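A.B. asks: First the structure, then my questions, so here it is.
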Amino acid sequence: MDTGLAAEANAWERLRRGADPDALTELFRTHSRSVYNFCFRRLADWDAAEDATQATFLALWRRAAAGRVEPLRAASERAVLLGMARQECQTVARGKLRRDRLAHRLTEQPPTVTEQTPEEWWEAVETMREIRRALAVLSAGQRDVVELVCWSGLGVTEASVALGLPTGTVKSRLSRARAALAAANFEYTLGGAK
Amino acid sequence: MNRPLPSERDVPHGDEMIAAILAAPVRPRRRWPLVLIAGIVLVAMIVAGSYASRRMDSVELATPSSAGSTVPGPSSSASTMTVPAPSERAVAHEVAWPDEWTALLEQHQMAAPPAGTGFVEIVGVGPDGQVITRRDIVEEVGAERVLSRQVLESSGLDRSDTVVIQEWDAGSDWEVGDVVVDGDSLLFTQSRYGVVLGRYQWHPGMSTAELVDEPAQTADTTNSWPAMAHLQGQADGIAVWFNYEDGGYQLVTSDGASFPTGPVKSLAVLDTTVWLLLHDGTLDGYDIGAGTQTATPTIDLPPPVWLASDGQTMLYIHETGIERWLNQGPGVTMDATSVDILTSAQWQVSGKWASWCQNYPNIPTCYLMDLTTGAYTSLPTTTTLAGESGVSNGFLVYQQDDGWSPAVVPLDALGNLQ
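Each protein sequence line maps, in turn, to chains V and P. Position 40 of the first sequence, counting from 1, maps to 39 under numbering that gives the first Met the number 0, and the rest follow consecutively. Position 233 of the second sequence, counting from 1, maps to 232 under numbering that gives the first Met the number 0, and the rest follow consecutively.
If you want it as structure tokens, here you go:
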């Protein structure tokens with residue numbers, strides 16, 4: 000285990016022993032960007048992704064306070080966090096889909112953002128919505144694998160931990176997803192974007 | 000497959016987010032000595048026969064101390080409110096899905112909606128079991144798919160046809176936001192140069208609709224950006240909040256009061272108090288009965304993870320238990336350590352029944368609980384649409400595995416779950 004992974008595991012272990020603010024902060028600093036962008040790709044919405052990211056780390060914090068953080072089963076806790084984020088996205092998406100669409104139609108202008116121009120903000124959202132529509136050719140399980148392995152860079156083993164599936168199932172879903180997307184002339188990269 | 004995905008971004012306001020998470024109220028980890036002491040006290044209280052009435056004496060809503068609020072300050076004489084204390088105790092336990100209930104689901108399964116391109120969503124159940132759905136009609140215009148109109152539809156329990164309640168032409172400035180069914184009314188937000196609340200009076204069969212209040216409440220959107228509107232309809236009030244351009248949130252109530260708040264995860268109404276659970280885990284309470292009063296609740300309970308209400312009952316879901324508060328009397332405190340509450344969401348309550356969906360470990364599963372016995376059972380499905388299941392207005396709405404056609408079962412027909 001390299002130094003970075005050892006530090007991550009250390010922070011995770013500290014959280015397992017109790018609600019250590021420094022440990023959570025360390026994990027947040029290391030993984031919040033990854034979780035946030037995973038959530039954006041799943042939800043096609045920056046605001047919803049922000050909510051889901053906060054909910055993910057809040058759930059971890061509460062688990063730590065309750066002494067219910069589970070032992071790390073993957074090489075990195077990123078797989079576990081993305082697995083948690085996936086569930087939080089589902090909760091957020093249940094209620095936000097229409098509200099966000101309404102807001103978009105009402106305003107046709109983005110909220111104030113610091114890192115992107117308004118045009119870039121909406122372009123990203125529109126692009127991601129287009130991608131989500133294109134992904135409809137896949138089953139929900141196949142989409143999960145694409146999001147975690149192709150776009151978030153998890154290994155097959157890590158993705159299997161995040162999804163609670165055998166590695167063989169992850170591999171077969173990934174293979175079928177690639178084939179289905181190729182057949183549908185899916186235009187976007189499956190290699191991720193940093 | 001070579002066009003890039005949108006570029007990654009850093010979490011905006013990451014420092015503030017982690018600070019909010021760390022400041023969120025959490026339940027301290029249990030220590031054995033405390034558990035032991037609590038156990039001794041518990042036994043003593045049971046022996047004294049006074050346990051139940053002392054489980055929680057009261058819940059007080061204390062006035063906030065922070066300055067700078069745009070809300071008129073509360074009067075000193077109305078600074079606290081009391082929620083009835085639970086007087087019964089139950090232990091949640093899981094039981095198998097009764098076979099006879101499967102027959103009920105089959106008996107009450109409804110026909111699928113009209114075929115067509117679009118998105119269909121169940122928004123509620125009327126007082127006679129009508130299922131209110133909304134459907135977006137999407138059309139191909141050139142190379143683009145555009146939303147052409149939105150339709151609110153109603154399907155009755157005893158018929159398979161679908162009645163169109165109202166259509167909105169999305170090409171105009173109108174669009175439907177949230178829709179909820181609240182007793183005999185259908186409440187909705189809609190847009191026209193802003194966001195307004197409207198209300199339909201319920202008609203038998205819902206074959207026609209009469210817009211009786213428009214707007215019941217109008218948000219001042221002159222200089223704002225209503226990015227999010229969430230509606231909660233209750234017998235005694237309407238709560239809705241908006242996300243404004245400056246990043247603030249505002250709660251607007253049916254009596255014209257408005258309060259600044261934060262992003263809300265769930266909300267509930269009991270009597271005249273609106274309870275808000277914010278995404279950062281904190282709890283806010285607003286007394287809409289007092290009109291201008293705003294309050295911050297202080298409760299001698301673990302912090303909530305979800306709030307739900309049906310106008311008569313409010314559920315306060317926390318890490319290890321469920322507090323059921325009633326409008327007209329004491330409720331139930333339920334030890335729910337067998338439920339993985341931290342990964343549950345979408346709690347709903349209708350009378351003595353509660354439902355929720357659980358995201359852990361990996362497959363979303365929805366549950367139904369008899370709050371009088373503490374018994375709960377998982378809905379027999381693994382559908383990804385499980386989140387659409389729930390209880391509403393005296394009915395269990397169950398999403399079938401076929402994609403979306405619902406079964407709507409009167410909760411009274413279920414009897415008790417032991």
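Glycine residues also receive a C-beta, built at the ideal position from the N, C-alpha and C atoms. Quick caveat: nothing in here was measured; it's all calculated off a predicted structure.
Buried or exposed: which applies to P/T260, given that a residue is buried once 16 or more other Cβ atoms fall within 10 Å of its Cβ?
C.D. replies: Classification for P/T260: buried.
A.B. asks: Apart from the five residues just before and just after V/K95, which ones in its own chain have a Cβ nearer than 6 Å to its Cβ?
C.D. replies: Caution is warranted here: a pLDDT of 48 is assigned to V/K95, below 50, making its placement in the model unreliable, and the coordinate value is therefore given only provisionally. Around V/K95: A47.
A.B. asks: Among all the DSSP beta bridges, which residues are the ones paired with P/P409?
C.D. replies: Answer is P/F394.
A.B. asks: Counting C-beta neighbours from all protein chains within 10 Å, is the total for P/D14 16 or more, i.e. buried, or is it exposed?
C.D. replies: By the 10 Å Cβ count, P/D14 comes out exposed.
A.B. asks: Mapping the DSSP letters down to three states, classify V/E107 as helix, strand or coil.
C.D. replies: With a pLDDT of only 40 at V/E107, under the threshold of 50, the placement of this residue in the model should not be trusted, and no figure is reported.
A.B. asks: Determine whether the Cβ of V/T126 lies closer than 8 Å to any Cβ atom of chain P.
C.D. replies: Output row for V/T126: interface = yes.
A.B. asks: Quick one, which of V/T188, V/M127 and V/R15 has its alpha-carbon nearest V/V148's?
C.D. replies: Taking only the C-alpha atoms, the option nearest V/V148 is V/T188.
A.B. asks: I believe V/Q53 touches P/I20 by the beta-carbon criterion, under 8 Å. Please report the beta-carbon distance rounded to the nearest angstrom.
C.D. replies: Yes, V/Q53 and P/I20 are in contact; Cβ-Cβ is about 7 Å, under 8 Å.
A.B. asks: Mind checking who P/F258 pairs with in its DSSP beta bridge?
C.D. replies: P/L250.
A.B. asks: In whole angstroms, give me the CA-to-CA distance for V/L26 and V/G167.
C.D. replies: When rounded, the distance between both Cα atoms is 29 Å.
A.B. asks: Quick one: does V/Q53 have its CB under 8 Å from some CB of chain P?
C.D. replies: Yes, because at least one Cβ of chain P sits closer than 8 Å to the Cβ of V/Q53.
A.B. asks: Go through its chain and collect everything with a Cβ distance to P/V396's Cβ below 8 Å, but skip five positions before and after it.
C.D. replies: Correct list, in chain order: I121, V124, V130, E387, S388, G389, V390, P405, A406 and V407.
A.B. asks: Three-state secondary structure (DSSP) at P/H107?
C.D. replies: Three-state result, P/H107: coil.
A.B. asks: Output the boundary residues of the beta strand (DSSP E) element that contains P/K351.
C.D. replies: Counting along the chain, P/K351 falls outside any beta strand (DSSP E), and DSSP gives it neither H nor E.
A.B. asks: Just how far apart, CA to CA, sit V/S171 and P/E7?
C.D. replies: If you take the alpha carbons of V/S171 and P/E7, they lie about 28 Å apart.
A.B. asks: So, helix, strand or coil for V/L42, using DSSP?
C.D. replies: It is helical.
A.B. asks: V/V34 by DSSP, collapsed to three states: which one?
C.D. replies: Looking at V/V34 - three-state DSSP - the assignment turns out to be helix.
A.B. asks: Whole angstroms are fine: how far does the CA of P/L104 sit from the CA of P/M313?
C.D. replies: For P/M313 and P/L104, the distance between alpha carbons rounds to 27 Å.
A.B. asks: Please list, in chain order, the chain P residues whose beta carbon lies closer than 8 Å to that of V/P20.
C.D. replies: Going along chain P in sequence order, the residues near V/P20 (Cβ under 8 Å) are L21.
A.B. asks: Taking a contact to mean a Cβ-Cβ separation below 8 Å, would you say V/A58 touches P/L341 in this structure?
C.D. replies: It is a contact, given that the beta carbons lie within the stated cut-off.
A.B. asks: Would P/G350 and P/T332 be called neighbours here (beta carbons separated by less than 8 Å)?
C.D. replies: Contact flag unset, no.
A.B. asks: How should V/G82 be labelled, buried or exposed, when 16 other C-beta atoms within 10 angstroms of its C-beta is the threshold for buried?
C.D. replies: Burial call: buried.
A.B. asks: So which residues on chain P does V/T29 lean against when the C-beta distance must stay under 7 Å?
C.D. replies: By Cβ distance, chain P contributes nothing, its closest Cβ being about 12 Å from V/T29, past 7 Å.
A.B. asks: Quick one: what's got a C-beta closer than 7 Å to P/L33's C-beta in the same chain, skipping five residues either side?
C.D. replies: For P/L33, the pLDDT reaches just 43, beneath the cut-off of 50, and the residue's location in the model is therefore unreliable, leaving the point undetermined.
A.B. asks: Just verifying my parser: in three-state terms, what is the DSSP assignment at V/Q53?
C.D. replies: Correct three-state label for V/Q53: helix.
A.B. asks: Is the beta carbon of P/D283 less than 8 Å from the beta carbon of P/L277?
C.D. replies: Yes, these two residues count as a Cβ contact at 8 Å.
A.B. asks: In three-state DSSP terms, what is P/T101?
C.D. replies: Correct three-state label for P/T101: helix.
A.B. asks: Whose CA, out of V/V68, V/A123 and V/L180, lies closest to the CA of P/L4?
C.D. replies: For P/L4, the nearest C-alpha among the options comes from V/A123.
A.B. asks: Using the beta-carbon of each residue, which ones in chain P are nearer than 8 Å to V/W24?
C.D. replies: The residue you asked about is not Trp; residue 24 of chain V is Thr in the sequence shown. Neighbours of V/T24 on chain P, chain order: I17 and L21.
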